[in-house]
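Note sheet for the following structure.
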Amino acid sequence: GDSVTQTEGQVTVSESKSLIINCTYSATSIGYPNLFWYVRYPGEGLQLLLKVITAGQKGSSRGFEATYNKEATSFHLQKASVQESDSAVYYCALSDSNNRIFFGDGTQLVVKP
Amino acid sequence: NSKVIQTPRYLVKGQGQKAKMRCIPEKGHPVVFWYQQNKNNEFKFLINFQNQEVLQQIDMTEKRFSAECPSNSPCSLEIQSSEAGDSALYLCASSLYKDYEQYFGPGTRLTVL
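Chains Z and Y, in that order, are what the protein sequence lines are. Counting from 1, position 12 in the first sequence corresponds to residue 85 in my numbering; the numbering is continuous, with no gaps. Counting from 1, position 43 in the second sequence corresponds to residue 79 in my numbering; the numbering is continuous, with no gaps.
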């Protein structure tokens with residue numbers, strides 16, 4: 074079936090340092106799934122951070138970037154300089170041919186001042 | 037920001053009791069999804085609707101869960117006889133079209149004692 078893997082349960086980064094959160098996917102129901110990063114800030118609901126629907130393209134939002142790498146089946150999230158306000162849980166996800174979303178288990182980002 | 041409303045935010049039930057939660061999708065969104073996020077942060081698609089019609093649902097939903105999206109009323113998800121394993125965050129999402137971006141509500145956290 075379709076699935077998403079995030080290897081890190083928690084990542085701790087000092088403010089102004091760079092960030093990468095790894096994500097790989099497996100899509101059996103659809104050749105080119107839409108890929109997403111969702112974020113849940115403390116006390117808030119799940120919200121879309123960015124999405125990419127075309128292989129090879131890059132999505133960006135709020136300083137975060139992710140590139141749809143079809144060959145490596147990866148969609149890693151990166152940011153050049155994190156801020157304390159970026160502390161949140163980040164979920165990598167894909168949607169199948171019926172637009173059902175499959176989420177990874179999430180990565181808790183802790184940004185130290 | 038999402039305008040999907042979910043009530044109640046917290047729900048506590050005993051084993052064997054019914055548990056019912058509601059969702060008001062964003063205005064004008066005819067497509068509604070329900071997901072379950074368990075204590076291990078694993079998400080599971082449960083069911084989705086377009087207007088009042090069920091599009092897809094998983095086996096679990098067919099057996100102990102019932103859901104509906106009546107016209108001019110909130111959508112609802114009800115567990116007929118709650119089990120401890122049903123303790124989870126239940127997320128409702130809505131979208132404008134079946135293949136479009138989903139907007140998530142804050143969720144209903146169900147605890148089954």
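A virtual CB, placed ideally from N, CA and C, is assigned to each residue, including glycine. It should be emphasised that the depicted structure is a prediction, and the values quoted were computed from it without experimental measurement.
Test: residue i CB closer than 9 Å to a CB of chain Y
i         : result
GLN130(Z) : no
ASN171(Z) : yes
ILE94(Z)  : no
TYR141(Z) : no
TYR111(Z) : yes
TYR164(Z) : yes
LYS50(Z)  : This structure cannot speak to residue 50(Z), because chain Z is shown only from 74 to 186.
LYS152(Z) : no
LYS90(Z)  : no
9 Å Cβ cut-off: residues of chain Y touching residue i
i         : result
GLN156(Z) : The contacting residues do not exist; GLN156(Z) stays about 20 Å from chain Y at best.
ASP178(Z) : ASN76, ASN77, GLU78, PHE79
ILE174(Z) : PHE69, TYR71, PHE79, PHE81, ALA129, GLN138
Neighbouring residues, chain Y, relative to residue i (Cβ below 7 Å)
i         : result
LEU121(Z) : GLU137
GLY118(Z) : SER38, PHE140, GLY141, PRO142, GLY143
Residue i at chain Z interface by Cβ criterion, 9 Å
i         : result
ALA129(Y) : yes
LEU91(Y)  : yes
LYS56(Y)  : no
LYS49(Y)  : no
ASN84(Y)  : yes
Limits of the beta strand (DSSP E) - the one that residue i falls within
i         : result
CYS128(Y) : 124 to 131
ARG45(Y)  : Note, ARG45(Y): premise wrong, no beta strand (DSSP E); not H, not E.
VAL77(Z)  : 76 to 78
VAL162(Z) : 161 to 168
GLN86(Y)  : 79 to 86
PHE99(Z)  : Phe is not the amino acid found at residue 99(Z); the sequence shown has Ser there. Where SER99(Z) is concerned, the enclosing beta strand (DSSP E) stretches over 97 to 99.
LYS152(Z) : 150 to 152
TYR145(Y) : For the sequence presented, residue 145(Y) should be read as Arg rather than Tyr. Segment 144 to 148, the beta strand (DSSP E) holding ARG145(Y).
ALA145(Z) : No beta strand (DSSP E) holds ALA145(Z); DSSP gives it neither H nor E.
TYR71(Y)  : 67 to 73
Chain-ordered chain Z contacts of residue i [CB-CB under 8 Å]
i        : result
GLN72(Y) : The contacting residues do not exist; GLN72(Y) stays about 11 Å from chain Z at best.
Beta-carbon separation (whole angstroms), residue i vs residue j, contact threshold 8 Å
i         : j         : result
TYR141(Z) : LEU182(Z) : In fact, because the Cβ distance is near 21 Å, the residues do not count as touching under 8 Å.
PHE81(Y)  : GLN138(Y) : About 11 Å separates the two Cβ atoms, so there is no contact after all.
GLN156(Z) : VAL184(Z) : 7 Å
TRP110(Z) : LEU123(Z) : 5 Å
ASP122(Y) : LEU149(Y) : About 11 Å separates the two Cβ atoms, so there is no contact after all.
ARG100(Y) : ILE83(Y)  : Incorrect: roughly 12 Å between the Cβ atoms, too far for contact.
Partners in chain Z for residue i, counting only beta-carbon separations shorter than 9 Å
i         : result
GLN88(Y)  : Here the premise fails: no neighbours, minimum Cβ distance about 18 Å.
LYS63(Y)  : Under the 9 Å cutoff, chain Z gives no residues; its nearest Cβ is about 17 Å from LYS63(Y).
LYS134(Y) : ASN171, ASN172
Worksheet entry | beta strand (DSSP E) segments (min. 3 residues) lying fully within the stretch 90 to 120 of chain Y | 101 to 104, 111 to 115
Item to complete: Entirely within the stretch 101 to 136 of chain Z and at least 3 residues each: give me those beta strand (DSSP E) ranges in chain order.
Response: 107 to 113, 119 to 125, 131 to 134
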